[in-house]
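Its first residue numbered 1, the sequence shown is counted upward by one per residue in UniProt numbering.
Beta carbons are placed, not taken as given, at the ideal position from N, Cα and C, and that holds for glycine.
Report on the following structure.
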Amino acid sequence: MKILKKYRDVVLGIVIGAVLMTLIPVGYASKGELSQVAPFSTDSLWLLKQARVIVEAYQVDAASNDIDESEMVHGAMRGMLGAWKDPYTRFLDPQQLEDEKTSLEGSFGGLGINIASRDGKILVINPIEGTPADKAGLRPMDEIVRVNDDIVIGWDLDKVVKLLRGDPGTEVSVGIRRADTARLIDFKIVRDTIKIETVHSEILSDDIGYIRLRQFIKTSAPDVGKAVIDLKNKKAKGLILDLRNNGGGLLDSARDICDLFIDGGLVVSTKGRVDSANEEFYAHEGVLTQLPLVVLINEGSASASEIVSGALRDRNGTLLIGAKSFGKGSVQVLFNLSDGSGMFVTTARYFTPKGVRIDHVGLSPDIYVKSLWSDEDRDAPDSNQENKDKTERAGTSNGKTENGLGEEKDAKGAKLRDPQLDKAKETLLKLIAGEKPETLRDPVPEPVSSDVSVISADQGSGDVDVKSERDDKSSNPDKKSVLGK
Numbered sequence: 001m002k003i004l005k006k007y008r009d010v011v012l013g014i015v016i017g018a019v020l021m022t023l024i025p026v027g028y029a030s031k032g033e034l035s036q037v038a039p040f041s042t043d044s045l046w047l048l049k050q051a052r053v054i055v056e057a058y059q060v061d062a063a064s065n066d067i068d069e070s071e072m073v074h075g076a077m078r079g080m081l082g083a084w085k086d087p088y089t090r091f092l093d094p095q096q097l098e099d100e101k102t103s104l105e106g107s108f109g110g111l112g113i114n115i116a117s118r119d120g121k122i123l124v125i126n127p128i129e130g131t132p133a134d135k136a137g138l139r140p141m142d143e144i145v146r147v148n149d150d151i152v153i154g155w156d157l158d159k160v161v162k163l164l165r166g167d168p169g170t171e172v173s174v175g176i177r178r179a180d181t182a183r184l185i186d187f188k189i190v191r192d193t194i195k196i197e198t199v200h201s202e203i204l205s206d207d208i209g210y211i212r213l214r215q216f217i218k219t220s221a222p223d224v225g226k227a228v229i230d231l232k233n234k235k236a237k238g239l240i241l242d243l244r245n246n247g248g249g250l251l252d253s254a255r256d257i258c259d260l261f262i263d264g265g266l267v268v269s270t271k272g273r274v275d276s277a278n279e280e281f282y283a284h285e286g287v288l289t290q291l292p293l294v295v296l297i298n299e300g301s302a303s304a305s306e307i308v309s310g311a312l313r314d315r316n317g318t319l320l321i322g323a324k325s326f327g328k329g330s331v332q333v334l335f336n337l338s339d340g341s342g343m344f345v346t347t348a349r350y351f352t353p354k355g356v357r358i359d360h361v362g363l364s365p366d367i368y369v370k371s372l373w374s375d376e377d378r379d380a381p382d383s384n385q386e387n388k389d390k391t392e393r394a395g396t397s398n399g400k401t402e403n404g405l406g407e408e409k410d411a412k413g414a415k416l417r418d419p420q421l422d423k424a425k426e427t428l429l430k431l432i433a434g435e436k437p438e439t440l441r442d443p444v445p446e447p448v449s450s451d452v453s454v455i456s457a458d459q460g461s462g463d464v465d466v467k468s469e470r471d472d473k474s475s476n477p478d479k480k481s482v483l484g485k
C-alpha cells in the first residue's frame, strides 16, 4: 500500500506539472502586455501560480475550506511588505483600517497600551494612564511574549493588536518578558472602553505650573494652550511639561504645541527618498508664554513627544529631564487602496531643528533621573534628597497619579515619591531664580584613554549609566517619529 501511495503521489504531481506546463505558452505569449501592468516579473507570477495550484490540490482542508481570493491577495501583500523588514510599513485589510481610525478618533475596547515592533519583538511603548494596562502594572519596554495561549514572538503588529482588543469586561492573559526579571510575568487584565483624556494641569507648590499631556490628538494643542493661560492666571512662575509615557499621535498636534512656546522658525523636518517626503515645519511668530519651562521624558515618550522635546531643546534651550526616550522617529503615510484596504508606508524620518535624527536612537535627557517602576524602587532612599523627610514623598514612580499628579498613595497611605518630578521642580526653581540652563545640565564625561579605565571609588553604577547616556547623545544622531501607535 505504501508503494502504491508513493506512485499515486508521483503520478499526481506529474499530471499537475503537465497541466501547468500547458499554460506556459499562453502566459508568455502576452508577456509584453503583461509586463506593463503586472507587479512582478512573469517568472515570479508563474511561481505564484504554481504555489496556488499545488496548495489547492494537496492541502488537506482545501476541498472543504473555500478561501476567498481577496484573503490570499491580502496575505501576499502582507508578505511583500514584510520583506522590507520595517515594522511600521504594513498592510491593513478594510476592517483593520477601520479599527485603526477608531483608535485615533474614538473610543474602543482594549487594555490601553501603545505597542511597537522592533527586532522581531512586540514592545510596550507606554501604558495609557488610568487604563487597565496602566493599573495592572505594564511598563515601557516590556516585551509581549504571549497573549492568552498564543506565543506572539515575530507576529505581525496588527495581529497582536487584534488579540489584545475585545469587548469591555472580557479578560485577556498577557505574558511579559521584563529586562530585569528572569521569569515570564503573567498579567490577567480585564478590557475596558478606552477613553483618552489628553491634558491635565494644576498648580504645584512654589507656584509651579504643571501640564501633563498623555497623547497628541486633534484637540491637544488648544487644550494645552488653555492650560497655559489658566496657570498664568493662577500666577505660575514657571511650567513643567510632562511627556512621560506619551506614545505620540498626530504630527499637526505636535507642531501646534511647539507653536505655543517657540517664536517662529523651524520646528521639525522630514527627509525621505522623494521630494514630496522632504518637508520643513515652522512655528508662527510670537509665543503664548515666556515663563521658564522644563520637559519631563522617559522610556515611554515616543514619536510626537520626541518631536516636541527635540524642538524645544534645539530652539529654546529647554532642559529635558528624566530618562532616554523610546526613539520612534519615522513618518508613516496612509495609502488607501481600491478595495477599502490600506497601507501605512514609512516615507521619511524626522530630524530636530539642529539636524539630529531620533529614529532608533531616542533623545537623551539633559538631566538624567532613573525611572522608578517597582515598590522597592519607590521605598529606596533617594540619593538626591537624603536630607528630606521620607514621609514627604510626592508623586509616583512614573508620574502617574489618581488625580493626575502627586496624590497617589501606597497601601499604608504614604505618598509615593517621584524623583523625576522632584528634579524637574528643583531645576525649574533654579531657572526662575536666574540660573542659566547650560549650568544645570549633567556634565559631559571627560574622554578616557583607550588603554586606561578608571572608575572612582565613590562612583556608583548609576553614575556610569548616566555617563554612557550622555556619550550616546554626543556621538549618535537622535531620531523621531509620527503617528505613534
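Alpha carbon of residue i to alpha carbon of residue j, nearest angstrom
| i | j | result |
| --- | --- | --- |
| Asp-93 | Gly-342 | 7 Å |
| Leu-372 | Ala-221 | 29 Å |
| Gly-340 | Arg-165 | 22 Å |
| Asn-126 | Pro-168 | 20 Å |
| Leu-363 | Phe-40 | 41 Å |
| Thr-170 | Leu-429 | 47 Å |
| Gln-96 | Ile-113 | 17 Å |
| Leu-184 | Leu-138 | 13 Å |
| Met-21 | Trp-46 | Legend: pLDDT at Met-21 = 45, less than 50; position of this residue unreliable, value from coordinates given subsequently. Distance between the alpha carbons of Met-21 and Trp-46 is about 10 Å. |
| Ile-229 | Leu-239 | 11 Å |
| Arg-441 | Leu-320 | 9 Å |
| Ser-117 | Ile-176 | 14 Å |
| Lys-226 | Gly-249 | 20 Å |
| Pro-419 | Asn-245 | 16 Å |
| Asp-43 | Gly-322 | 55 Å |
| Val-287 | Gly-209 | 17 Å |
| Ser-338 | Ser-70 | 12 Å |
As assigned by DSSP and simplified to three states, the class of residue i
| i | result |
| --- | --- |
| Thr-347 | strand |
| Lys-234 | coil |
| Gly-395 | Low local confidence applies: a pLDDT of 32 at Gly-395 is under 50, so the model's placement there is unreliable, with the coordinate-based value given in what follows. Residue state, collapsed to three classes: coil. |
| Ala-116 | strand |
| Gln-95 | helix |
| Arg-313 | helix |
| Tyr-88 | coil |
| Pro-127 | strand |
| Lys-412 | Note that Lys-412 has pLDDT 42, beneath the 50 cutoff, so the model's placement of it is unreliable and the number below is only indicative. Lys-412: coil per DSSP, three-state reduction. |
| Lys-218 | coil |
| Phe-326 | coil |
| Leu-319 | strand |
| Thr-427 | helix |
| Thr-193 | strand |
| Leu-288 | coil |
| Lys-400 | For Lys-400, the pLDDT reaches just 38, beneath the cut-off of 50, and the residue's location in the model is therefore unreliable, although a value from the coordinates is still provided. Looking at Lys-400 - three-state DSSP - the assignment turns out to be coil, as it is neither helix nor strand. |
| Arg-78 | helix |
| Glu-100 | helix |
| Ala-433 | coil |
Member of the options whose CA lies at the smallest distance from the CA of residue i
| i | options | result |
| --- | --- | --- |
| Asp-186 | Val-308, Ser-41 and Val-172 | Val-172 |
| Asn-278 | Val-369, Ala-133, Gly-137 and Phe-351 | Phe-351 |
| residue 486 | Arg-313, His-284, Lys-324 and Leu-291 | Residue 486 falls outside the range modelled here, since the chain spans only 1 to 485, and no answer is possible. |
| Gln-332 | Thr-427, Leu-251 and Val-174 | Leu-251 |
| Lys-436 | Asp-43, Val-294 and Gly-272 | Val-294 |
| Met-77 | Ile-67, Thr-89 and Asp-66 | Thr-89 |
| Gly-109 | Arg-191, Gly-75 and Ser-64 | Arg-191 |
| Ile-217 | Asp-158, Ser-70, Ala-254 and Arg-139 | Ala-254 |
| Glu-285 | Ser-269, Lys-271, Glu-299 and Gly-264 | Gly-264 |
| Val-356 | Val-287, Gln-290, Lys-271 and Ala-83 | Lys-271 |
| Lys-101 | Phe-344, Leu-81 and Gly-238 | Phe-344 |
| Ala-179 | Lys-121, Gln-290, Glu-69 and Asn-148 | Lys-121 |
| Arg-315 | Thr-289, Lys-354 and Glu-299 | Lys-354 |
| Gly-130 | Leu-48, Ile-194, Val-37 and Asp-150 | Ile-194 |
Cut-off 7 Å between Cβ atoms - residues of its own chain near residue i, not counting five sequence neighbours on either side
| i | result |
| --- | --- |
| Val-224 | Val-199, Ile-211, Leu-213, Ile-257 and Leu-260 |
| residue 490 | In this structure the chain extends from 1 to 485, so residue 490 is not present and cannot be described. |
| Ala-136 | Phe-187 and Ile-189 |
| Leu-243 | Leu-213, Val-295, Leu-296, Ile-297, Ser-301, Ser-305, Val-308 and Ser-309 |
Same chain, Cβ closer than 6 Å to residue i, neighbours up to 5 away in sequence not counted
| i | result |
| --- | --- |
| Leu-431 | Pro-292 |
| Ala-317 | Reading off the sequence shown, one finds Gly at residue 317, where the question assumed Ala. Correct list, in chain order: Pro-437. |
| Ile-196 | Gln-215 |
| Arg-281 | One detail in the question is off: residue 281 reads as Phe in this sequence, not Arg. Correct list, in chain order: Arg-255, Val-267 and Val-268. |
| Leu-59 | Rather than Leu, the amino acid found at residue 59 in this sequence is Gln. Nothing meets the Cβ criterion. |
Within 9 Å, strictly: CB atoms of residue i and residue j
| i | j | result |
| --- | --- | --- |
| residue 563 | Ala-424 | Any property of residue 563 remains undetermined from this structure, which presents the chain solely from 1 to 485. |
| Asp-134 | Ile-128 | yes |
| Val-145 | Leu-163 | no |
| Leu-334 | Leu-241 | no |
| Leu-123 | Asp-142 | yes |
| Ala-63 | Val-55 | no |
Own chain partners of residue i with C-beta closer than 8 Å, once the 5 adjacent residues on each side are dropped
| i | result |
| --- | --- |
| Asp-451 | Confidence at Asp-451 is low in this model, with a pLDDT of 38, below 50, so the placement of that residue is unreliable and no value is reported for it. |
| Met-72 | Arg-52 |
Chain D contact for residue i (CB, 9 Å cutoff)
| i | result |
| --- | --- |
| Ala-63 | Judged by its chain identifiers, the structure shown contains no chain D, having just a single protein chain. |
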